[in-house]
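> This is the structure I want to talk about, given as C-alpha cells.
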Amino acid sequence: MTAGDVHLTELASPDVVELAAAAGFAFVVVDLEHSTLTEQRAVDLVRHADACGLPALVRVPEVDAAAVNRLLEAGAAGIQLSMLTRLAQAEALVAAARFAPAGRRSVSLANRAARFGAIPLAGFLRAEQDDPPVLVGQIETARTDPLPDLVAALDVCFVGSTDLAVDLGLPADPRVLRAAVDRVRDAARSAGVAFGGWVPARSAAADLGLSDADYLVVGSDLQMLAAGLRAAAGEETP
364 MTAGDVHLTE
374 LASPDVVELA
384 AAAGFAFVVV
394 DLEHSTLTEQ
404 RAVDLVRHAD
414 ACGLPALVRV
424 PEVDAAAVNR
434 LLEAGAAGIQ
444 LSMLTRLAQA
454 EALVAAARFA
464 PAGRRSVSLA
474 NRAARFGAIP
484 LAGFLRAEQD
494 DPPVLVGQIE
504 TARTDPLPDL
514 VAALDVCFVG
524 STDLAVDLGL
534 PADPRVLRAA
544 VDRVRDAARS
554 AGVAFGGWVP
564 ARSAAADLGL
574 SDADYLVVGS
584 DLQMLAAGLR
594 AAAGEETP
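Numbering-wise (the numbering used here), the sequence shown opens with residue 364 and increments by one.
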C-alpha cells in the first residue's frame, strides 16, 4: 500500500473523485457508513475513480460478505470497516475479502476485476494474492480486544478520533484523547501495520497525534463544501 493523503467521498457526483485525483490525493474512500449513497452509487464512484487512475476504497459499517465481494469485484481497492472492537469482526473482514486458503471469499470471473472472464482463473487468483485488497480497521472506542491482535491481519489500523473522543466522554480532556490515539498508533507499530486516522485539514494532524500517520483521511467532500459555503456567506467556520 502506498502511503499518502486520502479523501472521503460522501456525495454521488463523479466530479468529486476527479477533483480528488486532480488535487493529488493518493486514494479516495467512498463512504457507505454516514452517507446516503447506495451500493450501486458507490460502485459507480469506484469505477469512475479507477478511470481517473485513483484507487478507491469503500467504508462499510459492518461486514456483509456478499456486499464486500460485490464491491471488490467492481474494482474497489479495499474495504474500510468502522467500529472495529472484536477480533471476530477482523476475522470476518479478512474471510470476506480474501480467497482461500487465506479467506472464504467466493470466486467468480464474471466481473470487472477479472475483466469479465478475460483473465484465466489461475492468473486472477495469483494477481489477487500478489496485490490483495487493502483492509482498514477503524478503532473508535476505548474498550476493544487487545489492539495488536485485533489489527494484526489487516493493512491499516485507523483511529476514529471523533467517535473515540465521544466514547471517552465529551468534552474530552485533550490529553486523555491524545493518550488514546497514541495507544492505537503504538498498537499499529507493534502489529507491523500502517497507522491511519481522519483530520478535518492537514494542519490539524499534529494536534490529533496523527502527524506520522501513513494513511491520513483529510476531510470529506461534504465537510469541505459546507466550509466553503459558510465562507462564501461570510460565516466563520466553527
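By construction, the Cβ of each residue, glycine as well, lies at the ideal position given by its N, Cα and C atoms. Predicted model only: the values in this text are computed from it and were never measured.
Under three-state DSSP, which class holds glycine 555?
Taking the first residue of the sequence shown as 1, we reach residue 555 at position 192. Note: glycine 555 maps to coil in three-state DSSP.
> From this set, Pro464, Ala385, Tyr578, Arg475, which residue's C-alpha is nearest glycine 416's C-alpha?
Working through the sequence shown from its first residue, we reach residue 416 at position 53. Nearest option by C-alpha distance: Ala385.
> Is there at least one non-hydrogen atom of the ligand COA closer than 7 Å to the beta-carbon of proline 377?
Here there are no bound small molecules, and the ligand COA is not part of this structure.
> Once the 5 residues before and after aspartate 413 are set aside, which same chain residues still bring their CB inside 8 Å of it?
Sequence index remark: in the sequence shown, residue 413 carries index 50 (1-based). Short of 8 Å from the beta carbon of aspartate 413, and not among the five residues preceding or following it, lie these beta carbons of its own chain, in chain order: Ala419, Gly438.
> Excluding sequence positions up to five away, which residues of its chain have a Cβ less than 7 Å from the Cβ of proline 563?
Position 200 of the sequence shown, counting from 1, holds the residue named residue 563. Gly582, Gln586.
> Going by C-alpha distance, which of Ala455, Arg461, Ala557 is nearest glutamate 436?
Taking the sequence shown and counting its residues from 1, one reaches residue 436 at position 73. Ranking the options by Cα distance to glutamate 436, first place goes to Arg461.
> Just the C-alpha distance for arginine 478 and alanine 465, rounded to the nearest angstrom, thanks.
Your numbering for residue 478 matches position 115 in the sequence shown. Your numbering for residue 465 matches position 102 in the sequence shown. So the alpha carbons of these two residues sit roughly 23 Å apart.
> In terms of residue numbering, what span does the beta strand (DSSP E) encompassing phenylalanine 521 cover?
Position 158 of the sequence shown, counting from 1, holds the residue named residue 521. From DSSP, the beta strand (DSSP E) with phenylalanine 521 extends over 519-522.
> Given a cut-off of 8 Å on the beta-carbon distance, is the pair leucine 517 and valine 580 in contact?
Here residue 517 refers to the residue found at position 154 of the sequence shown. Here residue 580 refers to the residue found at position 217 of the sequence shown. Cβ distance not < 8 Å, so leucine 517 and valine 580 don't count as in contact.
> What three-state label does DSSP hand arginine 593 in the structure shown?
Residue 593 sits at position 230 when you count from the first residue of the sequence shown. Here arginine 593 sits in helix by DSSP.
> Under 8 Å by Cβ, that's how I've got leucine 456 and valine 426 pegged, so tell me the actual separation to the nearest angstrom.
Reading the sequence shown from its first residue, position 93 is the one you call residue 456. Reading the sequence shown from its first residue, position 63 is the one you call residue 426. Going by Cβ atoms, the distance from leucine 456 to valine 426 rounds to 5 Å, so yes, they are a contact pair.
> For proline 424, which residues from the same chain have a beta carbon less than 6 Å from its beta carbon, with the 5 sequence-adjacent residues on both sides left out?
As a working note, residue 424 is residue 61 in the sequence shown. Cβ neighbours of proline 424 beyond the five flanking positions: Glu396, Ser445.
> From this set, Asp526, Gln443, Ala589, Glu598, which residue's C-alpha is nearest threonine 504's C-alpha?
In the sequence shown, residue 504 corresponds to position 141, counting from 1. Out of Asp526, Gln443, Ala589, Glu598, Asp526 has the C-alpha closest to the C-alpha of threonine 504.
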